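Chains as they are written, first to last, in our numbering: chain L, 50 to 215; chain Z, 210 to 879.
First comes the structure, then the notes that go with it.
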């Protein structure tokens, strides 16, 4: 008998809102599954689309972007993030990865219930979807990197070419 | 030779081909060398050394120390910390993994700094509580060991593991191991960073001219610091001007206020702006840019721009005003709030023999506690903004008893009835008011919070012992329903948060569920707000009495003064940085930046040709990273939070967990 599927969930939690929100869940001794991994970020607007595909290719099954929403301390960052995630979900959907593997939400510093609800929702979706096809995710990552690089007007300076794309 | 030393030697051997020298011992030379390597093909570029942590693909020599905290059982009761340490030692690059009961203690911190020196560690991970509590602590510890503080990584296995997965110890342990692996992965790509230093404007803004603001301003001025005191009203002193006497000393409140005002006005260090408000705030500690709008006497407003280094929020409270005819307030003229009653008592002449109100003798008076405080959902009506004041206002009980006692002493013919849920005369000398009031014949009734007394206007024969009837289910007489006639009812109204929504939004301040400003941590960082350089003093934070307010204001002033002890302020170096070896002048990053001057294109010479390249102004960059995602060449990244570091963390989270069978001896102390 095969072991039950335990999805790996990645939470990208903003330092000003969602990360302390996740702390508040622990402080209140509320529980959520231990397969939920939380990374502290200043703002998820940092990540290009290929980053998400990289995560799926590496072994992550679902990503919760827990941002600040309207409380975002950086001008324009949340709108840019939302636009990018919009694009990303269509690419995930078109690429056959399933758009339900990603959720964008706002979690405040005391939003314990919202945090638990979002994690539960994503877990439910992932149970239905099963594990990510890692090869497919890697393919989508390469496509995404390719698209970004192809859009460049100027080539990268020669010196850096030897190092390759990190 | 111990196993550990052997392992270390192997490490050195493995990495010898990549590195010569010891980067951990001499960061500057290491950075300089990396600059040289990166400079290679582009020598004509003028790299500024402070922004030149160019990534050259060379893996630095890695000697990571991992410290796992038991937190006195908070962590180790759930997470198998020994197993975490044992497994951590198998992660490539880790040469020390130790468990300690309290890593944040002095011995715990010494353990880290000593290991850095003895074991030549060049990276440190501590797995403990939330980074908001101790990231700074451990950055300090590694600095004392001679390591760059940004080669430190914090792993949160308390709030986000042991406390959140109490019933899944195995899962929590696995998670802790993976999180440590992720942190080591991030550190593998970490570069030493220097704090950004900016001039510190030695001048404080105090918002609010009540006693908190006055005291904070006076204390700062006394330390030789320039203060800008902004008050929205046309006079200083705030609510305390109208509060009779200060308990428990029974000093005259207005005398106290005027003494403080005189002191503030006499100081050459304090500039006072009345009828003024702060309309915009930007910047950061040491460099806040503020806009102040002042109302001129002719009705027009003037605007001025100022720069300050610290801000003290002394914005105070608003007295609760009963609403919608609550307890017949405004419906019956003889129903007053506590501040109104204090004013009325002040207005009576000193030789009056009878308590009167609007020409009527007051034979019996009632005091009702907890009006607008300790509200219960479903019992009390929320304010128009939806707020339910569930907190205790803390000052009303003693103030009511002070006034009740004053009535009994001055007007012995007036009967006093006190309706309370319980009496909270908690401070030094305050319980005395309760004892005295009982001795002086104040009659106490106790109601349950979910069954507050009802107040009715009494007419005809019912009104013979008072114009109001108070119907109370008295818990002291086993829930008997009693009716008491009074000629006057005083509502013990409490404090509600000040109307400072604009300031809260402008400064991104945290507000508690009660609507008052929330400090970072009540014990570790009192009077500090979450934004560095902004402090809170007095009732802007919570209901406080006079001496608590003054203590908080003094603390805020002391912390502000400490911030001004240095010529420069130091900021985390989390700013974008351009890798000129990758930048092709695409300029896409610039279109993403909303911060004027933070990121722009400049002309540089490459191979004798002038070309456009992106340039970051570290003083203006806020570190949001919006520029990073769009670069087709990944030529711009965020220091301390680079994308490749996040990718390494994900690899760490996703990797198979090494099996500890082949582990060497576990080092565990305490």
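Virtual Cβ for every residue (Gly too), placed ideally from N, Cα, C.
Keep in mind the model is a prediction, meaning the values are calculated, not measured.
Own chain partners of residue 602 of chain Z with C-beta closer than 7 Å, once the 5 adjacent residues on each side are dropped: The answer, listed in chain order, is 582, 703, 704 and 752.
List, from N- to C-terminal side, the beta strand (DSSP E) runs of 3 residues or more that fit wholly inside the region 645-680 of chain Z. Here the runs fully enclosed are 652-655 and 663-666.
From residue 57 of chain L to residue 746 of chain Z, what does the alpha carbon distance come to, in whole angstroms? In a straight line, the C-alpha of residue 57 of chain L is about 45 Å away from that of residue 746 of chain Z.
For residue 436 of chain Z versus residue 445 of chain Z, is the C-beta spacing smaller than 7 Å? Not closer than 7 Å, so no.
If the cut-off is 9 Å on Cβ atoms, which residues from the region 90-114 of chain L count as contacting chain Z, listed in chain order? From the region 90-114 of chain L, only 90, 91, 92, 93, 94, 95, 96, 97, 98, 100, 103, 104, 107, 108 and 109 have a Cβ closer than 9 Å to chain Z.
Give me whichever residues DSSP pairs with residue 734 of chain Z in a beta bridge. Residue pairing by DSSP puts residue 734 of chain Z in a beta bridge opposite Z:730.
Pick from L:59, L:94 and L:82: whose alpha carbon is nearest that of residue 785 of chain Z? It is L:94 whose Cα lies nearest to the Cα of residue 785 of chain Z.
How do the region 490-509 of chain Z and the region 724-736 of chain Z stand: do at least 3 beta-carbon pairs fall below 8 Å, yes or no? No contact exists between the region 490-509 of chain Z and the region 724-736 of chain Z.
In the DSSP assignment, find the alpha helix (DSSP H) that holds residue 171 of chain L and state where it starts and stops. First-last of the alpha helix (DSSP H) with residue 171 of chain L: 161-178.
Report, in whole angstroms, the separation of the C-beta atoms of residue 189 of chain L and residue 146 of chain L, which I expect to be a contact under 8 Å. Residue 146 of chain L and residue 189 of chain L do touch by the CB rule: their CB atoms are close to 6 Å apart, below 8 Å.
What in chain L is Cβ-close to residue 829 of chain Z, meaning under 9 Å? What residue 829 of chain Z touches in chain L: nothing, since even the nearest Cβ is about 12 Å away.
Under a three-way DSSP split, which group does residue 122 of chain L fall into? Looking at residue 122 of chain L - three-state DSSP - the assignment turns out to be coil, as it is neither helix nor strand.
Residues of chain L with CB under 9 Å from residue 819 of chain Z, in chain order? Residues of chain L with a Cβ closer than 9 Å to the Cβ of residue 819 of chain Z do not exist, since the nearest Cβ in that chain sits about 14 Å away.
Return no unless some Cβ of chain L is closer than 7 Å to the Cβ of residue 841 of chain Z. Taking Cβ atoms only, chain L reaches closer than 7 Å to residue 841 of chain Z, which makes this a yes.
What's the gap between the Cα of residue 682 of chain Z and the Cα of residue 691 of chain Z? About 6 Å.
Interface residues of chain Z around residue 142 of chain L at Cβ under 8 Å? None at all; the shortest Cβ gap to chain Z is about 20 Å.
What is the rounded straight-line gap between the Cα of residue 859 of chain Z and the Cα of residue 811 of chain Z? As the crow flies, the alpha-carbon of residue 859 of chain Z is around 35 Å from that of residue 811 of chain Z.
Report yes if the CB atom of residue 34 of chain L is closer than 7 Å to the CB atom of residue 87 of chain L, and no otherwise. In the structure as shown, chain L begins at 50 and stops at 215. Residue 34 of chain L is therefore absent and cannot be evaluated.
If you draw a straight line from the C-alpha of residue 418 of chain Z to the C-alpha of residue 203 of chain L, how long is it? So the alpha carbons of these two residues sit roughly 58 Å apart.
CB-CB length for residue 80 of chain L against residue 373 of chain Z, believed under 8 Å: Contact holds; Cβ gap of about 6 Å.
Host alpha helix (DSSP H) of residue 859 of chain Z (start-end): First-last of the alpha helix (DSSP H) with residue 859 of chain Z: 852-863.
Can you check whether the C-beta of residue 129 of chain L is within less than 7 Å of a C-beta belonging to chain Z? Interface residue, yes.
Go through the region 69-93 of chain L residue by residue and report every complete run of the alpha helix (DSSP H) that reaches 4 residues or more, in order. Secondary structure in the region 69-93 of chain L: no alpha helix (DSSP H) run of 4 residues or longer lies completely within the stretch.
So what's residue 496 of chain Z in DSSP terms, helix, strand or just coil? Looking at residue 496 of chain Z - three-state DSSP - the assignment turns out to be strand.
Look up residue 152 of chain L in the DSSP assignment and give the residues it is bridged to. Note: residue 152 of chain L sits in a beta bridge opposite L:113.
Have a look at the DSSP bridge pairing and note the partners of residue 706 of chain Z. As DSSP reads the structure, residue 706 of chain Z sits in a beta bridge with Z:526.
Quick check: is the beta carbon of residue 72 of chain L nearer than 7 Å to any beta carbon in chain Z? Judged by the 7 Å Cβ criterion, residue 72 of chain L is in contact with chain Z.
Cα-Cα separation between residue 882 of chain Z and residue 439 of chain Z, rounded to whole angstroms: Outside the shown range of chain Z, which is 210 to 879, sits residue 882 of chain Z, and nothing can be said about it.
Look up residue 756 of chain Z in the DSSP assignment and give the residues it is bridged to. Note: residue 756 of chain Z sits in no beta bridge, so no partner.
Note down, in chain order, every chain Z residue with its Cβ under 9 Å from the Cβ of residue 185 of chain L. None at all; the shortest Cβ gap to chain Z is about 16 Å.
In terms of residue numbering, what span does the alpha helix (DSSP H) encompassing residue 553 of chain Z cover? Counting along the chain, the unbroken alpha helix (DSSP H) around residue 553 of chain Z starts and ends at 547-556.
Could you pull the start and end residues of the beta strand (DSSP E) that residue 513 of chain Z belongs to? First-last of the beta strand (DSSP E) with residue 513 of chain Z: 510-517.
Give a yes or no on whether 7 Å exceeds the smallest Cβ distance from residue 196 of chain L to chain Z. With 7 Å as the cut-off, residue 196 of chain L does not count as an interface residue toward chain Z.
Is any beta-carbon of chain L found at less than 7 Å from that of residue 803 of chain Z? It does: the Cβ of residue 803 of chain Z has a partner Cβ on chain L nearer than 7 Å.
Suppose contacts are defined by Cβ-Cβ distances below 7 Å. Is residue 386 of chain Z in contact with residue 308 of chain Z by that definition? With a cutoff of 7 Å on beta-carbon distance, residue 386 of chain Z and residue 308 of chain Z are scored as not near each other.
Start and end of the beta strand (DSSP E) containing residue 628 of chain Z? Start and end: 624-629.
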